[in-house]
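Novice: Let me give you the structure first, and then I'll get to my questions.
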Amino acid sequence: MRNDPRTFLDEVAHNILRQNQKMENTLVMLPSRRACFFFEEAVKDQLTKISWLPQIMSVEDFVERLSNFRNLPTPELILETYPFYREVFGNESETFRDYLNWITIMLADFNEVDAYKIEIKKLFEYLRDERALKSWNIDGSEMTDFQKRYLDFWEHLEPLYKKLTAHFEKHKMGYQGFIYRQAAEHVSCMMSNRFPLIQNIHWVGFNALNTCEEELVDYFIEHLDCQLHFDVDPYYLENQKHEAGRFIRNYLKRWPQQSEPYSANGFSNPQKEIETFGVSGKVGMAKVAGALLGKEGKRKNTALVLADENLLNPVLSSLPQSVDNINITLGYSLQTSLTYSFTESVLNALVNAKRASKNTLFTEDLLSVYAHPAFHYFGDQSTVSEKLGKLRESQKVAFTHTELLQFEKGLFDEPFTKKILNPNQSPGSWLNYATNLLERKANDENKVNDKLEQFHLERLVEVLIRTADYLEDLTDKISFEELWRFVILSAQGETIPIEGEKSDYLQLMGMLETRCLDFDHLIMTSVNEGTLPAGKQGNSFIPFEVKRKFQLPTHIQKDAIFAYHFYRVLQRAKKVTLLYDTSVSDMGMNEESRFIRQLEVEWGLEGNRKWNKQNISFDRDPLEFQVNSIEKTDDVLGQIRDYLTSENRGLSPSALNKYFNSPADFYFRHPLGIKEKNELEKDIEVSTFGTAVHDALEELFKRFVDSKQLLKKDDVLALKSEVRLALTEKMKESFKGDLNIGSNYLTFHAALKMIDQFLELQANELEDGDTFAIVGQEKKERTTVFVDDVEIRLNGTADRIDSFDTHHRIVDYKTGSVEQKELVIGSIDDLFDFEKQGKDKARQVMFYAWLVHKTKGYEQIESGIYSLKKISGGFLKLKVGRESILQKEHFERFEELLKNTIREMLNPDKELIQPETSSWTLYE
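Sequential numbering from 0 applies to the sequence shown in numbering that gives the first Met the number 0.
Given below as structure tokens:
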């Protein structure tokens, strides 16, 4: 038996073997199957003679085996629930499409309620009363039909839950929380039936147990020899305020005799090294991770952990050829494959056709299908260019199916168009034909010569077969849109695993897979706020305060859980590399995780710690950390001068901000006109979201522009009934996807709520303060100034200009989060100081105010931002010192410093610098 255990699992195996318990009577439970594998390896490594192994199981497998209940996959669970929903809701039942919009959220709530053994009757009564109180009209007026339907929804939840769980209990199946509840409530008889030989139980590496798990521990302590093995570090365990040790501190008090804490003391190791790198964008992080691994020698005991698992494909594309032994437990996601995205393109075309009159297929959708890289599985690739050309030349917006068949005769595989692109058939017929066709292509090696893509094709066939089984009784009743949503549900979580020798290779995994495991070198990506921890993300019908009252986990507890996962996987590592995204979007700047900031303050600044923090700016080699610059040759100067003086160009607020953040990026983006790379927009992007909200507000307020009457509270409140229509129209102008599915549905409704809350605020401001008239919206203001006899053109577009009795107001809408402190400056000079970063928003609204002053002659101007994401803050005014009304001296100083900056742009001796704190943006 080895006497020098290093990892947590080594130590636990050493401890259990030392107790000389009969292994055939011993059960060891761990948080994951992956941890089970490594624990079994640790036990085998330490055995000195032939012996039985203990039973080793993940807690989920244990509970399923104990209860003998089947855990239903999400699509099956949704369909099992549907008839009970129809029965309980009766005439108030929604269509299957609308049911799909919310049922997964409701089932997740049911799951959590059962896992934490909440008293069902009390919870639903409280929820119903709480919702009724919120719907009560303070003026005593009768509820609207909408309010009544809303309350009826909450009335129906308890009967739905009871009917559904009675069905599950009868048929021995259900969702995970229900299965846990069954196990906790019937553990005595279940243990004697399912695990009659077990006398010793070890819980290894757990952190936050749900109520059912805690009750199982209580039972095992009372009736068996039960021990709990906790993996901790004094760094966070002994600090009573540290969230990472929150749960284990409670367990050590609750079960002191049965608990064994394994103290890593890793954070006190003077040789421990932690480095953090800020990198712009996901691709940038992937490239840096690949470069770091390329510089590694031996990669045993090295892990690359993706806090955001969507980074898998960019990371795999960025790995150097020297990284050949790798174990990817995440697997390739089916939903990122060519085959799947091609199927999405086809279904999207059919869904849009069914929404149109006469089932017409839109040319835009057809182009997406025929130009797709996976199309060659079904048609003659040599004719694709000809076909695409003819489609574009046709100038037709859409084709009926008959017209399409005639149009492409002789160009493509006719069965594909006849069957796969036929919106006139039933979804059931389409599903059967698509499944058969894909199955034939998967077996045709002449068509699919990429092994991985063949695996994906085979897996997609399995998904479609499973979807057909699930929808067997509904295929002739559902729409293509409902079928598409169900295919998405069925495909979620489907991966092609890429396994190597698990214990010897580089380990590439997600955050939860690190539980119980230790590594010498740890590289972690996407260590950003909103990802790690996730914060307030997640959907639930149960409000925060109700969760707190019934002791259901909120984002506070969930953040503490991920704090433990983060600090635990760091504790034994000798070297830790944390990468976070620094890119900026309209929703605000990506922030490094607070875990990094906590580490820096609590650990990195203490004593002689090996702490290294920097931003990576890279051109070709992402690991060459250096200041880059561009010399102003005659050509470069000519391009800058042309940009500043051309009639249709000129300096704008965003361009000026780009210059102060990175003169080199300013040169690429504006004088050269090189656009940043864009990805295909399958979901609503930040830019589309922001544009749609801005355009919808412009549309709503358009009637008031230049009107002489002052805006009144009732005028604004009347606009609320028009918000949905206006937003839908504006969203569809720039986004062709489905607004009713997945994240698009949530984003659309977030935008609705954002506009609605803004109108409420605007109405309240009109009631409480001065009234005003709107005198301009989205109008580009242009002016010129002379800098050393060169006429410089400047322009900018303010979202709105309001006229008060005493002054004018420039309004800028921001859909991201903005704080008042971002709009407070000591003097105008602060806006032109390269050393004072974070002044972009203040500089922008000051630029707008100066432009309006120059073009319209207004003398007293208030300029600021409505942060629509945090609208409770009201109108955030630009403040120069304590002054919020901008006057002549402010404008004169701004213009003076602006001219100095333009002189600098045109100065051949001033290079275009790429600061160390910035990083090269990816351009096309």
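Glycine included, every Cβ here is placed at the ideal spot set by N, Cα and C. Nothing here was measured: the structure is a model prediction, and the numbers come from that model.
Can you tell me whether DSSP reads Met936 as helix, strand or coil?
Specialist: There is no way to answer for residue 936, as the model of the chain reaches only from 0 to 923.
Novice: Can you give me the Cβ contacts of His400 inside the same chain, cut-off strictly under 6 Å, excluding the 5 residues immediately before and after it?
Specialist: Around His400: Asn421 and Asn423.
Novice: Quick one: any contact between the region 569-576 and the region 267-282, if contact means 3 or more CB pairs under 8 Å?
Specialist: Contact between the region 569-576 and the region 267-282 is present, because at least three Cβ pairs lie under 8 Å.
Novice: Can you tell me whether Gly795 is helix, strand or coil according to DSSP?
Specialist: In the structure shown, Gly795 sits in a strand (DSSP, three-state: E or B).
Novice: Could you give the distance in angstroms between the alpha-carbon of Gly825 and the alpha-carbon of Phe831?
Specialist: Between Gly825 and Phe831, the C-alpha separation is close to 12 Å.
Novice: Between which residues of its own chain and Glu124 is the CB-CB distance below 6 Å, once the five residues before and five after are set aside?
Specialist: Excluding residues within five positions, none has a Cβ falling inside 6 Å.
Novice: Let me check understanding here. Comparing Cα to Cα, which of Asp472, Ile595 and Val203 lies closest to Pro532?
Specialist: Here the closest residue by C-alpha is Ile595.
Novice: Which residue or residues does DSSP assign as beta-bridge partners of Phe276?
Specialist: According to DSSP, which records beta bridges pairwise, Phe276 is partnered with Leu578 and Gln613.
Novice: Output the distance between the C-alpha atoms of Leu896 and Phe890, rounded to the nearest integer angstrom.
Specialist: Each residue's Cα considered, the two are about 10 Å apart.
Novice: Spatial neighbours of Lys417 within its chain, please: CB distance less than 6 Å, with the 5 preceding and 5 following residues excluded, ordered by chain position.
Specialist: None.
Novice: Assess contact between the region 772-786 and the region 861-876, defined as three or more Cβ pairs (one per stretch) separated by less than 8 Å. Is contact present?
Specialist: Too few Cβ pairs lie closer than 8 Å, so no.
Novice: Indicate whether the contact test is met: 3 or more Cβ pairs, each with one atom in the region 154-173 and one in the region 77-95, closer than 8 Å.
Specialist: Segments in contact, yes.
Novice: In whole angstroms, what separates the C-alpha of Glu512 from that of Leu311?
Specialist: When rounded, the distance between both Cα atoms is 14 Å.
Novice: Measuring straight from C-alpha to C-alpha, what distance separates Leu911 and Gly277?
Specialist: Answer to the nearest angstrom: the Cα atoms are 22 Å apart.
Novice: If we ignore side chains and look at the alpha-carbon of each, how far apart do Asn589 and Thr796 end up?
Specialist: Each residue's Cα considered, the two are about 26 Å apart.
Novice: For the alpha helix (DSSP H) containing Leu470, list its first residue and its last residue.
Specialist: It is not in any alpha helix (DSSP H) - Leu470 carries neither H nor E in the DSSP assignment.
Novice: Hey, could you find the ends of the alpha helix (DSSP H) Ile487 is sitting in?
Specialist: Here the alpha helix (DSSP H) through Ile487 covers Phe479 to Ala490.
Novice: For the alpha helix (DSSP H) holding Asn656, just list the boundary residues, first then last.
Specialist: Taken as a continuous stretch (DSSP letters only), the alpha helix (DSSP H) holding Asn656 covers Pro652 to Asn660.
Novice: I'd like the list of long-range same chain contacts for Asp60, defined as Cβ closer than 8 Å, with 5 residues on each side in sequence excluded.
Specialist: Cβ neighbours of Asp60 beyond the five flanking positions: Arg32.
Novice: Less than 8 Å separating the beta-carbons of Phe479 and Leu349?
Specialist: Going by C-beta atoms, Phe479 is nearer than 8 Å to Leu349.
Novice: Where DSSP assigns a beta bridge to Asn70, which residues make up the other side?
Specialist: Paired residues: Gly173.
Novice: Taking the C-alpha atoms as reference points, what is the distance between Gln638 and Phe833?
Specialist: Taking the straight line from one Cα to the other gives about 23 Å.
Novice: Give a single yes or no on whether Leu516 has its beta carbon closer than 7 Å to a heavy atom of the ligand MN.
Specialist: Within the structure as shown, the ligand MN is missing, as the structure has no ligands at all.
Novice: Quick check: what's the CA-CA separation for Glu759 versus Asp828?
Specialist: About 36 Å.
Novice: What does the alpha-carbon distance come out to for the pair Thr466 and Gln334?
Specialist: Rounded to whole angstroms, Thr466 to Gln334 spans 15 Å at the Cα level.
Novice: Which residues in the same chain as Pro652 place their Cβ atom closer than 6 Å to its Cβ, once the five residues preceding and following it in sequence are excluded?
Specialist: Cβ neighbours of Pro652 beyond the five flanking positions: Gly795, Gln843 and Phe846.
Novice: Only counting the same chain, and skipping five residues up and downstream in sequence, which positions put a Cβ closer than 7 Å to that of Leu679?
Specialist: Its pLDDT being 34, under 50, Leu679 is placed unreliably by the model, and the measurement read from it follows with that caveat. So the list is empty, once near-sequence residues are dropped.
Novice: Measure the C-alpha to C-alpha separation of Ala182 and Asn351 and round it to an integer number of angstroms.
Specialist: Looking at the two C-alpha atoms, the distance is approximately 47 Å.
Novice: Quick check on this structure: which residue in Leu99, Met753, Tyr369 and Phe7 has the alpha carbon closest to the alpha carbon of Gly815?
Specialist: Ranking Leu99, Met753, Tyr369 and Phe7 by Cα distance to Gly815 puts Met753 first.
Novice: Decide if the region 207-221 is in contact with the region 32-52; the criterion is three or more beta carbon pairs, one per stretch, under 8 Å apart.
Specialist: With a cut-off of 8 Å, the region 32-52 and the region 207-221 do not count as touching, because too few Cβ pairs lie within range.
Novice: Going by the DSSP bridge assignment, what does Thr494 pair with across the sheet?
Specialist: Ser332.
Novice: Since Cys515 and Leu156 should fall inside the 8 Å C-beta cutoff, what is the C-beta to C-beta distance between them, to a whole number of angstroms?
Specialist: At roughly 37 Å, the Cβ-Cβ gap does not stay under 8 Å, so Cys515 and Leu156 are not in contact.
Novice: Does the region 564-572 come within contact of the region 514-528, defined as at least 3 CB pairs closer than 8 Å?
Specialist: Yes, they touch.
Novice: Run through DSSP, which three-state label would Cys515 get?
Specialist: Looking at Cys515 - three-state DSSP - the assignment turns out to be coil, as it is neither helix nor strand.
Novice: With DSSP collapsed to three states, give me the class of His375.
Specialist: Helix, per DSSP.
Novice: Taking the C-alpha atoms as reference points, what is the distance between Ser267 and Tyr234?
Specialist: Going by the C-alpha atoms only, they are around 8 Å apart.
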